[in-house]
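For the record, the sequence lines run as chains A and B. So for the first sequence, this note's numbering puts the first residue at 30; every next one is plus one. So for the second sequence, this note's numbering puts the first residue at 2; every next one is plus one. C-beta atoms are modelled at their ideal positions from N, C-alpha and C, and glycine is treated no differently.
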Amino acid sequence: MLSRSVRAVTAVTAVTVLVALAACSSSTSKATPNSGATTHSSTATAPSSAASARAVANYLDYVKHQANTLAQTVAPFAAAVKRGDIATAKTLFASTRYHYEAIEPVAESFGNLDPDIDVREHDTSSPSQFIGFHRIEKALWSDNTVAGMGPIADELVINIAQLHAKIATLKLVPEQIAQGAMELLNEVSTSKITGEEDTYSHTDLSDFAANVEGSKAAFQSIEPLLAASDSGLTAMITARFDAVEQVLDKYRSSSDPIGNGYALYNTLTPADTRELSQVLDTLAQPMSKIAAQLF
Amino acid sequence: MLSRRRFLAGGGVTLGAAAAASVVGLELSDRSTPSSAASKGVEPFFGTHQGGIATAQQDRLLFAAFDLTSDRRADVVQLLQQWTAAAASMTAGQPVGPPDTSDLAPPNDTGEALGLDPARLTLTFGFGPGVFTSNGVDRYGLAHVRPSELADLPRFAHDQLDPAYTGGDICVQACSNDPLVAYHAVRNLTRIALGTAELRWTEQGFGRTSSTTSDQVTPRNLMGFKDGTDNIRSGTNVFDDSVWVAPHTTPAWMAGGSYMVVRRIRIHIEVWDRAALEDQQDTIGRLKDSGAPIGARQEHDPINLHAKGSDGKPNIPADAHVRLANQAANGIHILRRGYSFTDGIDPDTGQLDAGLFFIAYQRDPRKQFVAIQHKLDADALNEYIQHVGSALFAVPPGASGPGDYVGKTLFQ
Chain A
30 MLSRSVRAVT AVTAVTVLVA LAACSSSTSK ATPNSGATTH SSTATAPSSA ASARAVANYL
90 DYVKHQANTL AQTVAPFAAA VKRGDIATAK TLFASTRYHY EAIEPVAESF GNLDPDIDVR
150 EHDTSSPSQF IGFHRIEKAL WSDNTVAGMG PIADELVINI AQLHAKIATL KLVPEQIAQG
210 AMELLNEVST SKITGEEDTY SHTDLSDFAA NVEGSKAAFQ SIEPLLAASD SGLTAMITAR
270 FDAVEQVLDK YRSSSDPIGN GYALYNTLTP ADTRELSQVL DTLAQPMSKI AAQLF
Chain B
2 MLSRRRFLAG GGVTLGAAAA ASVVGLELSD RSTPSSAASK GVEPFFGTHQ GGIATAQQDR
62 LLFAAFDLTS DRRADVVQLL QQWTAAAASM TAGQPVGPPD TSDLAPPNDT GEALGLDPAR
122 LTLTFGFGPG VFTSNGVDRY GLAHVRPSEL ADLPRFAHDQ LDPAYTGGDI CVQACSNDPL
182 VAYHAVRNLT RIALGTAELR WTEQGFGRTS STTSDQVTPR NLMGFKDGTD NIRSGTNVFD
242 DSVWVAPHTT PAWMAGGSYM VVRRIRIHIE VWDRAALEDQ QDTIGRLKDS GAPIGARQEH
302 DPINLHAKGS DGKPNIPADA HVRLANQAAN GIHILRRGYS FTDGIDPDTG QLDAGLFFIA
362 YQRDPRKQFV AIQHKLDADA LNEYIQHVGS ALFAVPPGAS GPGDYVGKTL FQ
């Protein structure tokens with residue numbers, strides 16, 4: 030039964046995970062599981078601290094690799110925007126932001142960095158707030174001019190450099206990685222499936238693939254902590270990642286240079302997007318159970 | 002089973018009602034007899050037949066058709082076991098289990114029905130043609146036990162079926178007097194099914210358009226007419242012979258089951274509402290106010306198809322709905338268990354998207370629903386309605402108790 034106190038604890042847990050994640054970024058605090066989480070450890074055997082450390086290190090390697098690549102690829106993208114080379118900028122848009130989408134929950138833990146890099150127009154209340162990737166996307170595909178985009182491009186480079194620097198000192202605990210794996214799939218459900226993420230460029234499938242890749246990397250890093258106690262959950266999740274990837278593979282296409290290897294989202298039928306949504310939900314449901322299996 | 006049902010039904014009645022019963026000198030045992038008048042309480046889940054068929058019809062429906070997405074028979078068996086357990090809990094007014102053990106996992110029950118009376122919730126499961134053969138493939142090795150009664154429905158004149166409201170491998174009919182309880186049930190069953198089955202389409206019914214027991218009053222449909230006056234009633238021989246599959250039957254797994262026909266029937270509300278009363282009554286063959294057959298006085302007066310008025314014409318026109326659909330005249334009976342539905346407006350026209358969600362139970366759809374529907378080719382009512390959705394399901398017998406599951410007779 031779901032008592033009020035249980036619900037309250039859940040809410041507190043969610044908040045403290047975020048607070049802990051934010052605190053970790055200061056590089057001075059030592060990451061420890063919050064007390065709300067550790068009180069619910071009765072059903073499973075706690076993994077060894079060495080195994081936990083290995084899992085965290087594996088995932089941090091992935092995050093840092095993506096952040097490095099993002100910092101490198103954003104430079105030529107911004108340069109193309111600044112010199113008015115719309116055609117080149119269009120071909121670099123999806124492939125650059127891929128590395129951001131793969132680690133987006135990490136960025137979301139750093140205050141305003143996520144909106145400054147990735148806010149969508151309808152989430153802003155004034156034109157001055159609309160900056161970052163999607164402002165440039167609108168310039169490239171809708172305005173058909175990059176006039177005035179120089180400062181926006183410069184700011185994007187700076188914000189990504191900040192993200193890169195913060196990630197270099199990031200510390201995590203396994204339940205945060207589990208949460209991140211879940212959040213990446215929720216990103217797909219709430220914004221990619223609807224086609225509203227890349228509403229001008231229609232490169233949503235590249236973002237979709239990046240979210241799934243990032244979720245899988247997070248899941249695989251903590252998988253060794255789950256295997257002992259999860260009664261088939263990891264096998265189910267692994268099989269369902271395969272199923273999602275199989276459906277995504279149907280839309281692999283090199284014919285359009287701006288899709289980053291995927292078909293443009295506005296070429297999909299409602300039946301196509303429904304299939305993508307269902308196969309994604311089918312993966313996300315067991316993923317929602319792994320955090321409880323970690324302790 | 003009966004005593005448990007009586008006990009639980011009695012438990013659902015408020016103290017206020019009990020006090021009132023005492024004042025007027027009624028025996029409490031009378032009050033505790035399950036009654037269609039009761040809006041609350043628990044309907045039994047386990048039994049020879051599934052609930053939601055002979056059960057006094059509840060006021061609210063959520064119907065859900067699912068597609069099976071797994072080709073593994075073991076997955077379907079596991080789903081039916083999990084659904085049975087969840088349905089037994091929810092119909093008893095309990096949350097879906099097992100009890101939660103960690104705050105770091107989503108709760109096993111979604112929670113919106115906690116604390117609510119189940120309001121006579123029933124959950125009725127059926128198997129569509131796709132369980133036996135799907136796109137020519139015998140996915141679960143069951144093609145040889147597909148009942149001949151589960152023959153695909155023929156195309157009827159005037160059909161304009163929309164794939165968005167047609168078909169399904171498995172269905173769940175959730176009925177309750179509380180719409181939130183019915184919604185909660187389907188939502189949680191959908192959640193349990195993920196990976197093995199996914200929702201194909203749903204429809205929500207907001208008012209019953211039939212009575213299934215003798216003590217229920219006849220409701221009105223969205224045309225404003227009493228509907229289901231001549232419906233067969235549970236507890237009668239004609240009901241048992243028309244609805245339940247006979248004990249010794251082929252295939253044996255359907256003994257005690259029934260066949261369910263679903264039709265989403267759009268009513269052209271605006272057109273109907275500008276038809277003159279006389280036209281409306283001639284279309285149906287009954288008087289709008291009383292529900293009496295034209296030429297008769299009271300709702301339950303017999304329908305005289307031969308009576309003529311002073312002008313020499315039949316009281317009930319040749320193309321009136323009650324003449325063509327008349328169960329006694331046709332010698333064919335089905336149990337109707339339908340609901341009014343509305344899905345807002347048709348975006349193309351701005352007109353109301355509403356109608357009658359027709360559900361019928363019978364022993365053999367070929368000889369019952371299909372035969373009747375063919376007689377309705379010339380129905381005057383066709384001017385005002387359109388069949389836009391359709392589905393057919395074999396509804397297996399009930400689960401006998403904990404440890405059994407709905408569909409075991411088919412899958413074991």
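Among B/345, B/312, B/324, B/313, which has the Cα closest to the Cα of residue 304 of chain B? The count along the second sequence starts at 1 and reaches residue 304 of chain B at position 303. Checking every option, the nearest Cα to that of residue 304 of chain B belongs to B/324.
My output table needs one value for residue 51 of chain A: the three-state DSSP class, helix, strand or coil. Here residue 51 of chain A corresponds to residue number 22 of the first sequence, with the count starting at 1. Below a pLDDT of 50, predicted positions are generally treated as unreliable, and residue 51 of chain A, at 38, falls in that range; no measurement from the model is reported.
Can you give me the C-alpha to C-alpha distance between residue 112 of chain B and residue 272 of chain B, rounded to a whole angstrom? Here the question's residue 112 of chain B lines up with position 111 in the second sequence. Here the question's residue 272 of chain B lines up with position 271 in the second sequence. The alpha-carbon separation between residue 112 of chain B and residue 272 of chain B amounts to approximately 42 Å.
Tell me whether residue 300 of chain B sits in a helix, a strand or coil according to DSSP, three-state version. As a position in the second sequence, residue 300 of chain B is number 299, starting the count at 1. Of the three classes helix, strand and coil, the one that applies to residue 300 of chain B here is coil, per DSSP.
Does the beta carbon of residue 348 of chain B sit closer than 8 Å to a beta carbon anywhere in chain A? Here residue 348 of chain B corresponds to residue number 347 of the second sequence, with the count starting at 1. Interface with chain A (8 Å Cβ-Cβ cutoff): residue 348 of chain B is excluded.
What residues in the region 114–137 of chain A have a beta carbon less than 9 Å from any beta carbon of chain B? Along the region 114–137 of chain A, there is no position whose C-beta sits under 9 Å from a C-beta of chain B.
Short CB-CB distance (under 8 Å) between residue 107 of chain B and chain A: Position 106 of the second sequence, counted from the first residue, corresponds to residue 107 of chain B. The beta carbon of residue 107 of chain B sits closer than 8 Å to some beta carbon of chain A.
Taking residue 204 of chain B and residue 123 of chain B to be in contact with their CB atoms under 8 Å, please state how far apart those CB atoms are, rounded to whole angstroms. Sequence index remark: in the second sequence, residue 204 of chain B carries index 203 (1-based). Sequence index remark: in the second sequence, residue 123 of chain B carries index 122 (1-based). So it is not a contact: roughly 16 Å between Cβ atoms.
Comparing C-alpha positions only, which one of A/105, A/250, A/221 sits nearest to residue 240 of chain A? Translated into the one-based positions of the first sequence, residue 240 of chain A becomes position 211. Residue A/221 is the option with its Cα nearest to residue 240 of chain A.
At what residues does the beta strand (DSSP E) containing residue 204 of chain B begin and finish? Within the second sequence, numbered from 1, the residue matching residue 204 of chain B stands at position 203. Residues 198–209.
Please list, in chain order, the chain B residues whose beta carbon lies closer than 8 Å to that of residue 256 of chain A. Counted from its first residue, the first sequence places residue 256 of chain A at position 227. Result: empty, since nearest Cβ-Cβ is about 17 Å, beyond 8 Å.
Start and end of the alpha helix (DSSP H) containing residue 164 of chain A? Locating residue 164 of chain A in the first sequence gives position 135, counting from the first residue. Where residue 164 of chain A is concerned, the enclosing alpha helix (DSSP H) starts and stops at 162–167.
Suppose you measure from the CA of residue 350 of chain B to the CA of residue 99 of chain B; what does that come to, to the nearest Å? For the purposes of this step, residue 350 of chain B is taken as residue 349 along the second sequence, with counting starting at 1. For the purposes of this step, residue 99 of chain B is taken as residue 98 along the second sequence, with counting starting at 1. Rounded to whole angstroms, the gap between the alpha carbons of residue 350 of chain B and residue 99 of chain B is 48 Å.
Distance, Cα to Cα, residue 39 of chain B vs residue 56 of chain B? Position 38 of the second sequence, counting from 1, holds the residue named residue 39 of chain B. Position 55 of the second sequence, counting from 1, holds the residue named residue 56 of chain B. When rounded, the distance between both Cα atoms is 12 Å.
So, residue 174 of chain B versus residue 62 of chain B, is the Cβ gap smaller than 8 Å? Taking the first residue of the second sequence as position 1, residue 174 of chain B is located at position 173. Taking the first residue of the second sequence as position 1, residue 62 of chain B is located at position 61. Using a Cβ distance threshold of 8 Å, residue 174 of chain B and residue 62 of chain B count as a contacting pair.
Bridge-paired residues (DSSP) for residue 309 of chain B: Residue numbering aside, residue 309 of chain B sits at position 308 when the second sequence is read from its first letter. Residue pairing of residue 309 of chain B in beta bridges, as defined by DSSP: B/315.
Rounded to a whole number of angstroms, what is the C-alpha to C-alpha distance between residue 180 of chain B and residue 207 of chain B? The residue given as residue 180 of chain B occupies position 179 in the second sequence. The residue given as residue 207 of chain B occupies position 206 in the second sequence. Approximately 8 Å, taken between the alpha carbons.
For residue 390 of chain B, tell me which candidate among B/68, B/162, B/131 has the shortest Cα-Cα distance. The count along the second sequence starts at 1 and reaches residue 390 of chain B at position 389. It is B/162 whose Cα lies nearest to the Cα of residue 390 of chain B.
Give a yes or no on whether 8 Å exceeds the smallest Cβ distance from residue 195 of chain B to chain A. Looking up residue 195 of chain B in the second sequence gives position 194. Yes, contact with chain A.
Simplified DSSP state of residue 313 of chain A, which is helix, strand or coil: Reading the first sequence from its first residue, position 284 is the one you call residue 313 of chain A. Of the three classes helix, strand and coil, the one that applies to residue 313 of chain A here is helix, per DSSP.
Distance check for residue 206 of chain A and residue 261 of chain A, CA to CA, integer angstroms please. Here residue 261 of chain A corresponds to residue number 232 of the first sequence, with the count starting at 1. Here residue 206 of chain A corresponds to residue number 177 of the first sequence, with the count starting at 1. Distance between the alpha carbons of residue 261 of chain A and residue 206 of chain A is about 20 Å.
Within 7 Å of chain A by C-beta, residues of the region 111–122 of chain B in sequence order: If you check each beta-carbon in the region 111–122 of chain B against every beta-carbon of chain A, the ones closer than 7 Å belong to 112, 115.
Using the C-alpha atoms, what's the distance from residue 269 of chain B back to residue 353 of chain B? Numbered from its first residue, the second sequence carries residue 353 of chain B at position 352. Numbered from its first residue, the second sequence carries residue 269 of chain B at position 268. Using only the alpha carbons, I get a separation of about 8 Å.
Residue 287 of chain B to residue 263 of chain B span [Cα, whole Å]: What you label residue 287 of chain B is simply residue 286 of the second sequence in a count that begins at 1. What you label residue 263 of chain B is simply residue 262 of the second sequence in a count that begins at 1. If I take the Cα positions, the gap works out to 25 Å.
With 16 as the cutoff for other CB atoms within 10 Å, does residue 300 of chain A come out buried or exposed? As a first step, residue 300 of chain A is located in the first sequence; it is residue number 271 there, counting from the start. Its Cβ having fewer than 16 others within 10 Å, residue 300 of chain A is exposed.
Pick helix, strand or coil for residue 389 of chain B, following the three-state DSSP scheme. The residue labelled residue 389 of chain B in the question sits at position 388 within the second sequence. Note: residue 389 of chain B maps to strand in three-state DSSP.
DSSP three-state assignment for residue 288 of chain B, whether helix, strand or coil: Along the second sequence, one-based indexing puts residue 288 of chain B at 287. Taken through DSSP and simplified to helix, strand or coil, residue 288 of chain B comes out as coil.
Give the interface partners of residue 204 of chain A over in chain B, defined as CB-CB distance under 9 Å, in chain order. Residue numbering aside, residue 204 of chain A sits at position 175 when the first sequence is read from its first letter. Under a criterion of Cβ atoms nearer than 9 Å, the residues of chain B adjacent to residue 204 of chain A are, in order, 105.
Where the beta strand (DSSP E) containing residue 63 of chain B begins and where it ends: The residue you call residue 63 of chain B lines up with position 62 of the second sequence. Residues 61–69.
Proximal chain B residues relative to residue 311 of chain A, where beta-carbon distance stays under 7 Å: Translated into the one-based positions of the first sequence, residue 311 of chain A becomes position 282. Those are 195, 196, listed as they occur along chain B.
Counterpart residues of residue 151 of chain B in DSSP-defined beta bridges: For the purposes of this step, residue 151 of chain B is taken as residue 150 along the second sequence, with counting starting at 1. Answer is none; residue 151 of chain B lacks a bridge partner.
Relative to chain B, which residues along the region 80–91 of chain A have a C-beta separation below 8 Å, given in chain order? Taking a C-beta cut-off of 8 Å against chain B, none of the residues of the region 80–91 of chain A qualify.
Using 8 Å as the threshold, is the C-beta distance between residue 190 of chain B and residue 87 of chain B below it? Numbered from 1 along the second sequence, position 189 holds the residue referred to as residue 190 of chain B. Numbered from 1 along the second sequence, position 86 holds the residue referred to as residue 87 of chain B. The Cβ atoms of residue 190 of chain B and residue 87 of chain B sit closer than 8 Å to each other.
Closer than 7 Å by beta-carbon distance: list the chain A residues that pair up with residue 199 of chain B, in chain order. Stepping through the second sequence from its first residue, residue 199 of chain B is reached at position 198. The contacting residues are 307.
In this structure, how does DSSP classify residue 112 of chain B when only helix, strand and coil are distinguished? Counted from its first residue, the second sequence places residue 112 of chain B at position 111. Note: residue 112 of chain B maps to coil in three-state DSSP.
Going by other Cβ atoms of all chains shown within 10 Å of its Cβ, with 16 needed for buried, is residue 250 of chain A buried or exposed? To locate residue 250 of chain A, count along the first sequence from 1; it is residue 221. Label assigned to residue 250 of chain A: buried.
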